[in-house]
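S.K.: The structure follows.
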Amino acid sequence: MNREDYLSSFETLRGALLSFLGDRSQAFPDQATAITTVANEIRTMVMPDPLPRPRRLPGCRHLAAALEMARGGPMASLAEAFAAFEPAMRWIQTQHYRQALGHDYMDNYGYTNILGYDALIPHDRVIAAFFVIGPGRHYPRHHHEADEIYFPFGGDTLWGQNNEEPQPRPAGEPIHNTAWLPHEMITRDTPLFTFCFWISPGPIKLAQLTD
Ligand SMILES: [Fe+2]
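Numbering (the working numbering), first residue to last: 1 to 211.
Structure, rendered in structure tokens:
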């Protein structure tokens with residue numbers, strides 16, 4: 001992708017994110033403050049020069065199924081804008097999970113930060129990310145200091161919080177994990193594909209697995 005195409009498809013993605021977040025802040029007033037905080041960061045992002053180098057991971061092979069699933073749901077326009085820009089994105093993982101979760105898990109997941117660490121635009125308090133896990137996987141209980149909201153694109157993933165039984169959650173609706181609340185995700189037939197953000201009270205610290 002040349003710089004001009006890259007910047008133009010990024011602006012389309014930025015527009016889709018702002019439109020999605022604006023709509024969600026109206027639909028979910030309890031989350032409006034957090035959503036607006038992230039939207040303001042996205043609105044004012046300035047692209048770096050030179051542009052970051054893209055990187056793909058083995059888990060990106062689940063993207064095609066993830067995007068197909070998303071295209072049938074309420075977040076289809078955001079998925080479309082993401083799909084167009086995705087070849088320019090840098091996919092990463094929480095590397096310290098490799099020891100606990102194994103190579104097989106690592107080969108089936110990844111995320112890409114628009115804002116945050118190792119991101120398109122570095123930010124030390126806010127993360128805005130797209131996250132994928134392949135079918136038939138368990139992202140076990142973990143927690144983090146940052147306040148977090150997921151907006152799943154669709155699918156049959158079971159989302160667990162605290163000690164409650166993991167359950168399916170509707171596409172396009174927020175799943176809010178407050179600071180240090182243990183949470184987990186169990187994928188079944190579809191990949192997990194979600195937009196998510198973090199707002200950290202201090203410099204971002206990585207998630208940790210928990211009992
Ligand atoms: Fe989380």
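Glycine included, each C-beta is placed from N, C-alpha and C at the ideal position.
Here the structure is a predicted model, which means the values were calculated and not measured.
1. Within the structure, which residues are defined as neighbours of ligand 1 by a Cβ-heavy atom distance below 7 Å, reported in chain order?
2. Given this structure, state the Cα-to-Cα distance separating Ala-119 from Arg-55, to the nearest angstrom.
3. Alpha carbon to alpha carbon, how far is Gly-154 from Ile-127? Give it in angstroms, no decimals.
4. Residues bridged to Cys-60 by DSSP?
5. Given Pro-140, which residues of its chain have a CB within under 7 Å of its CB, disregarding the five upstream and five downstream residues?
6. May I ask you to verify whether the stretch 103 to 121 touches the stretch 68 to 80, counting CB pairs closer than 8 Å and requiring at least 3?
7. Given a cut-off of 8 Å on the beta-carbon distance, is the pair Val-38 and Leu-21 in contact?
8. Return the chain-ordered list of same chain residues with a C-beta closer than 6 Å to the C-beta of His-144, the five sequence neighbours on each side being excluded.
9. Would you give the residue range spanned by the alpha helix (DSSP H) that Phe-10 belongs to?
10. Within the same chain, show all residues whose beta-carbon is closer than 6 Å to that of Ile-186, passing over the 5 residues directly before and after it, in chain order.
11. Go through the stretch 71 to 151 residue by residue and report every complete run of the alpha helix (DSSP H) that reaches 4 residues or more, in order.
12. How is the alpha helix (DSSP H) around Ile-35 delimited, first residue to last?
13. Leu-67 by DSSP, collapsed to three states: which one?
14. In angstroms, rounded to a whole number, what distance separates the CA positions of Ile-121 and Pro-29?
15. Excluding the 5 residues flanking Pro-201 on each side, which residues of the same chain have their C-beta closer than 7 Å to its C-beta?
16. CA-CA distance, Ser-19 and Arg-71?
17. Please report the residue range of the beta strand (DSSP E) in which Glu-184 lies.
18. Assuming Asn-108 contacts Gly-134 under a Cβ cut-off of 8 Å, what Cβ separation, rounded to an integer in Å, is found between them?
19. Is DSSP giving Asn-162 helix, strand or coil here?
20. Is it buried or exposed for Pro-191, if we count other Cβ within 10 angstroms and need 16 for buried?
21. Below 8 Å on the Cβ atoms is my contact criterion, and I expect Ala-34 with Asp-147 to pass it. Report the Cβ-Cβ distance as a whole number of Å.
M.R.: Quick answer:
1. Per the Cβ criterion, the list is His-142, His-144, Glu-148, Asn-177, His-183, Ala-207.
2. So the alpha carbons of these two residues sit roughly 11 Å apart.
3. Between Ile-127 and Gly-154, the C-alpha separation is close to 21 Å.
4. Cys-60 is not bridged to any residue.
5. Around Pro-140: Glu-184, Leu-209.
6. Fewer than three Cβ pairs drawn from the stretch 103 to 121 and the stretch 68 to 80 lie within less than 8 Å of each other, which leaves the two stretches out of contact.
7. Yes, they are a contact pair.
8. So the list reads Ala-207, once near-sequence residues are dropped.
9. Run containing Phe-10: 3 to 27, per the alpha helix (DSSP H) assignment.
10. Within the same chain, His-138, Leu-158, Pro-166 come within 6 Å of Ile-186 by CB-CB distance, once the 5 residues on both sides are set aside.
11. Listed in chain order, the complete alpha helix (DSSP H) runs (minimum 4 residues) inside the stretch 71 to 151 are 76 to 85, 97 to 106.
12. Start and end: 32 to 43.
13. In the structure shown, Leu-67 sits in a helix (DSSP, three-state: H, G or I).
14. The alpha-carbon atoms of Ile-121 and Pro-29 are separated by roughly 27 Å.
15. For Pro-201, same chain residues with a beta-carbon under 7 Å away, outside a window of 5 residues either side, are Glu-145 in chain order.
16. The alpha-carbon separation between Ser-19 and Arg-71 amounts to approximately 17 Å.
17. Counting along the chain, the unbroken beta strand (DSSP E) around Glu-184 starts and ends at 183 to 186.
18. Their Cβ separation, rounded to whole angstroms, is 4 Å, which keeps Asn-108 and Gly-134 in contact under 8 Å.
19. In the structure shown, Asn-162 sits in coil (DSSP, three-state: anything other than H, G, I, E or B).
20. By the neighbour-count rule (16 or more Cβ atoms within 10 Å), Pro-191 is buried.
21. Going by Cβ atoms, the distance from Ala-34 to Asp-147 rounds to 6 Å, so yes, they are a contact pair.
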